[in-house]
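Enquirer: Structure provided below as structure tokens; questions to follow.
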Ligand SMILES: Nc1nc2c(ncn2[C@@H]2O[C@H](COP(=O)(O)O[C@H]3[C@@H](O)[C@H](n4cnc5c(=O)[nH]c(N)nc54)O[C@@H]3COP(=O)(O)O)[C@@H](O)[C@H]2O)c(=O)[nH]1
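Residue numbers (my numbering): 7 to 651.
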């Protein structure tokens, strides 16, 4: 009997039963009992096989149901993950055992423009396009080396298209069968919040307008310099710089122009610095410079001089040419203060004195200077009461026609008879009055006093020529100027021709459009106008055409150089020719010598004013020309003799 190959298991079962019964396939059982035993054995085997099969089927059934449930759970979890990721603003990532990103999937709602491909293959350490703060990088590297989880590691990825992404990741190590495979975790693009943080930090430490360190950061730098100096690593100095008359520029040209000027100033000062110096803006128009490793006054003076020169360079703001200056106060460590507060206070005192010295200069702090600074403050306080206490006076200086030596006009000049300090000249207090705003009531007092005096002379039957008064920047800017002038003239029964207003070229040039408009209105009202200190304010013929003045006064700094100074002579001649071409009369200020007068006469100057012809004097019962008559007549006689007039 041969069993078919497909029935091999059955055959095995049959063979096993035959063997148990002591039979073979060649020798089947002869007796019916043997057959019955064989069949019984076979049946039992089949039953057992059937049981096994059923057990197996059940096991398979259970296994496949478990598998299906596991599959279902896996699918649910996978789709939950996918849906969470798609809703998420974060991303998932994986790194290999070298720390290189192998997988980055970004949530649909992640606020990023990051292309995940830019990260793939890159490790956070040792990659040129990835940077992080050294402490953060050290901590991340340390935890990765120890196979520890890490949280919120922030790094910056340079994007190939330019710009940066600030990325923050948290991760934990992944193992399989005890083998380290790398890291896996979540991440997010924190560019916006990092940039906002940086901006806040920038604003907290730097001045938004100029980009310079602010007061807070400067204080930290000053503390560091003090620590270094305490350790014996060299002295340093603090220089406080304040722009002169910045308020006027702001008031008259507007804040945008003021801001522009501050930016220029910052740029110019920055260009002077060494790496070890610190320049900061303390606020307004106040800058401070920490000059490190510099105990030498010669070197400090050179820095201060260069700063003055840099600031004094003309600049163009809004199409206007401006020239500004600054005043500088210097305090040195440790001589002038051993802590930050003392150094800043003393530099401030020195700066205040530089202003009082006429501005555009620098001063070192000394104990005497501190005393003078205090005096300056008290002077400012006294000035408020000066007009009310009857301490102000006017003196009058005559002007003469060169053609015939007759008096053409006079100028009222202010003096302050201070109860303790004696007679003070305008240079001592006009700047203060301008800065504090006191110049407006003081200017009204001058107008009243001059008109009262002209009326007084006229009451005595003396016909006086026009009397000039000086207008400062704030007075010229006052909306009430024309009403004030015309009202005061009317109050004293005077016509507009009785007065002349002297307005400096630089006041007009601060806002040439407004300057031109105001001069037109004043001229229409019949008031005479002189442009004072001409030549110092950078105006050109083009500007001059817009200023309809009657008279141009050549600044005395040019007259001082006559007759030897070739440049001053050329400028004086040019100004005379230019003014005449515009039908203006020319007055030379500050004429002190017959030689100057002769040269002016020779070049066709119309009038002269100066100590040679008459000093400013208090008003007497007679006007100034009568008082100085004999002396002036002699000067002009001499002039005529020399020039065969
Ligand atoms: N806003 C106002 N400003 C005023 C007023 N009064 C004066 N001032 C301004 O002060 C400046 C200085 O005035 P002062 O010290 O009086 O000097 C005047 C003359 O004394 C001086 N001068 C005249 N001749 C000579 C001279 O031959 N040599 C010489 N060294 N100085 C001389 O010049 C000043 C007059 O100049 P100016 O006004 O430019 O004609 C003065 O410049 C005014 O700006 C006031 O009331 N309000």
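Ideal Cβ positions, reconstructed from N, Cα and C, are used throughout, including at glycine.
Any idea what DSSP makes of residue 594, helix, strand or coil?
Expert: Your numbering for residue 594 matches position 588 in the chain shown. Residue state, collapsed to three classes: strand.
Enquirer: Among 136, 211, 240, 431, which one has its Cα closest to the Cα of residue 106?
Expert: Counted from its first residue, the chain shown places residue 106 at position 100. Looking at the Cα atoms, 136 is the closest of the given residues.
Enquirer: Can you find a heavy atom of ligand 1 that lies under 7 Å from the Cβ of residue 478?
Expert: Residue numbering aside, residue 478 sits at position 472 when the chain shown is read from its first letter. Indeed, a heavy atom of ligand 1 lies less than 7 Å from the Cβ.
Enquirer: Can you check which of these residues, 428, 467, 463, 415, is closest to residue 594 by C-alpha distance?
Expert: Along the chain shown, one-based indexing puts residue 594 at 588. Answer by Cα proximity: 415.
Enquirer: Going by other Cβ atoms of all chains shown within 10 Å of its Cβ, with 16 needed for buried, is residue 61 buried or exposed?
Expert: Mapped onto the chain shown, residue 61 falls at position 55. Exposed is the call here.
Enquirer: Within the present structure, is the beta-carbon of residue 447 separated from the nearest heavy atom of ligand 1 by less than 7 Å?
Expert: For the purposes of this step, residue 447 is taken as the residue at position 441 of the chain shown. Result no, Cβ not under 7 Å from ligand 1.
Enquirer: Tell me whether residue 551 is buried or exposed, calling it buried when 16 or more other Cβ atoms sit within 10 Å of its Cβ.
Expert: The sequence position of residue 551 within the chain shown is 545, counting from 1. Exposed is the call here.
Enquirer: With respect to 7 Å, is the separation between the Cβ of residue 431 and the closest non-hydrogen atom of ligand 1 below this value?
Expert: As a position in the chain shown, residue 431 is number 425, starting the count at 1. Yes, since a heavy atom of ligand 1 falls inside the 7 Å radius drawn around the Cβ of residue 431.
Enquirer: Please classify residue 557 as buried or exposed, where buried requires at least 16 neighbouring CB atoms within 10 angstroms.
Expert: For the purposes of this step, residue 557 is identified with residue 551 of the chain shown, where counting begins at 1. Its Cβ being crowded by 16 or more others within 10 Å, residue 557 is buried.
Enquirer: My assumption, with CB atoms under 8 Å, is that residue 445 sits in contact with residue 480. Please give the rounded CB distance.
Expert: Position 439 of the chain shown, counted from the start, is the residue given in the question as residue 445. Position 474 of the chain shown, counted from the start, is the residue given in the question as residue 480. So it is a contact: roughly 5 Å between Cβ atoms.
Enquirer: Using only CA atoms, which one of 249, 420, 281 lies nearest to residue 297?
Expert: Sequence index remark: in the chain shown, residue 297 carries index 291 (1-based). The shortest C-alpha separation from residue 297 is found at 281.
Enquirer: Identify the continuous alpha helix (DSSP H) that holds residue 339 and give its terminal residues.
Expert: The residue given as residue 339 occupies position 333 in the chain shown. First-last for residue 339: 332-339, but that is the beta strand (DSSP E), not the alpha helix (DSSP H).
Enquirer: Any chance the CB of residue 568 is under 7 Å from a heavy atom of ligand 1?
Expert: On the chain shown, residue 568 is found 562 positions in, with the first residue counted as 1. No, Cβ of residue 568 sits at least 7 Å from all heavy atoms of ligand 1.
Enquirer: Rounded to whole angstroms, what's the CA-CA distance from residue 219 to residue 267? Just pull it up for me.
Expert: Numbered from 1 along the chain shown, position 213 holds the residue referred to as residue 219. Numbered from 1 along the chain shown, position 261 holds the residue referred to as residue 267. Computed Cα separation, rounded: 18 Å.
Enquirer: Taking C-beta to C-beta, are residue 603 and residue 618 nearer than 8 Å?
Expert: Along the chain shown, one-based indexing puts residue 603 at 597. Along the chain shown, one-based indexing puts residue 618 at 612. For residue 603 and residue 618, yes; Cβs fall inside 8 Å.
Enquirer: Could you check if residue 351 belongs to the surroundings of ligand 1, using beta carbon to heavy atom distance under 7 Å?
Expert: Taking the first residue of the chain shown as position 1, residue 351 is located at position 345. The answer is no for residue 351.
Enquirer: In this structure, how does DSSP classify residue 202 when only helix, strand and coil are distinguished?
Expert: Position 196 of the chain shown, counted from the first residue, corresponds to residue 202. Residue state, collapsed to three classes: helix.
Enquirer: Cα-Cα, which of 83, 30, 441, 133 is closest to residue 362?
Expert: Counting from one through the chain shown, the residue named residue 362 turns up at place 356. Closest option to residue 362, Cα to Cα, is 441.
Enquirer: Is residue 591 near ligand 1, going by C-beta to nearest heavy atom under 7 Å?
Expert: On the chain shown, residue 591 is found 585 positions in, with the first residue counted as 1. Not so, every heavy atom of ligand 1 lies at least 7 Å from the Cβ.
Enquirer: Quick test of the definition: if touching needs 3 or more C-beta pairs under 8 Å, does the segment 331-346 touch the segment 366-378?
Expert: A contact exists between the segment 331-346 and the segment 366-378.
Enquirer: Please go through the same chain and pick out, in chain order, the residues whose beta-carbon is closer than 7 Å to the beta-carbon of residue 193, but skip the five residues on each side of it.
Expert: Against the chain shown, residue 193 aligns to sequence position 187. Around residue 193: 96, 97, 99, 173, 174, 175.
Enquirer: With the cut-off set at 8 Å, would you say residue 246 and residue 353 are in Cβ contact?
Expert: Numbered from 1 along the chain shown, position 240 holds the residue referred to as residue 246. Numbered from 1 along the chain shown, position 347 holds the residue referred to as residue 353. In contact: residue 246 and residue 353 (Cβ atoms closer than 8 Å).
Enquirer: For residue 87, which residues in the same chain have their Cβ closer than 7 Å to its Cβ, ignoring the five residues on either side in sequence?
Expert: By 1-based counting over the chain shown, the position of residue 87 is 81. Contacts found: none.
Enquirer: Over the uninterrupted beta strand (DSSP E) stretch that includes residue 120, give me the two end residues.
Expert: Position 114 of the chain shown, counting from 1, holds the residue named residue 120. Segment: none, residue 120 is in no beta strand (DSSP E) and carries neither H nor E.
Enquirer: How is residue 84 classed by DSSP in three states: helix, strand or coil?
Expert: As a first step, residue 84 must be located in the chain shown, where it is residue number 78. Here residue 84 sits in helix by DSSP.
Enquirer: Measure from the alpha carbon of residue 559 to the alpha carbon of each residue in 417, 570, 483, 486, then state which is nearest.
Expert: One-based indexing of the chain shown puts residue 559 at position 553. For residue 559, the nearest C-alpha among the options comes from 417.
Enquirer: How would you call residue 482, buried or exposed, if buried means at least 16 neighbouring beta carbons within 10 angstroms?
Expert: Locating residue 482 in the chain shown gives position 476, counting from the first residue. Burial call: buried.
Enquirer: Which of the three DSSP states is assigned to residue 436 in this structure?
Expert: Locating residue 436 in the chain shown gives position 430, where the first residue counts as 1. If DSSP states are grouped into helix, strand and coil, residue 436 belongs with the helices.
Enquirer: Count the other CB atoms, across all protein chains shown, that sit within 10 Å of the CB of residue 53; report buried if there are 16 or more and exposed otherwise.
Expert: As a working note, residue 53 is residue 47 in the chain shown. Exposed, because fewer than 16 other Cβ atoms sit within 10 Å of the Cβ of residue 53.
Enquirer: Ends of the beta strand (DSSP E) at residue 486?
Expert: As a first step, residue 486 is located in the chain shown; it is residue number 480 there, counting from the start. Residue 486 -> no beta strand (DSSP E), and no H or E assigned at all.
Enquirer: Relative to ligand 1, is the shortest distance from any of its heavy atoms to the C-beta of residue 615 smaller than 7 Å?
Expert: Working through the chain shown from its first residue, we reach residue 615 at position 609. At least one heavy atom of ligand 1 is nearer than 7 Å to the Cβ of residue 615, so yes.
Enquirer: Quick check on this structure: which residue in 580, 114, 28, 399 has the alpha carbon closest to the alpha carbon of residue 458?
Expert: Position 452 of the chain shown holds residue 458. It is 399.
Enquirer: Helix, strand or coil, according to DSSP, for residue 266 in the structure here?
Expert: Counting from 1 along the chain shown, the entry for residue 266 is found at position 260. Reduced to three states, the DSSP call for residue 266 is helix.
Enquirer: At the level of alpha carbons, what is the spacing between residue 315 and residue 200?
Expert: Residue numbering aside, residue 315 sits at position 309 when the chain shown is read from its first letter. Residue numbering aside, residue 200 sits at position 194 when the chain shown is read from its first letter. The alpha-carbon atoms of residue 315 and residue 200 are separated by roughly 41 Å.
Enquirer: Does the CB of residue 447 have a neighbour CB from chain D at under 8 Å?
Expert: The question asks about chain D, but that chain is absent: this structure has only one protein chain.
Enquirer: Is residue 419 closer than 8 Å to residue 614 when the C-beta atoms are compared?
Expert: In the chain shown, counting from the first residue as 1, residue 614 sits at position 608. In the chain shown, counting from the first residue as 1, residue 419 sits at position 413. No. Outside cutoff.
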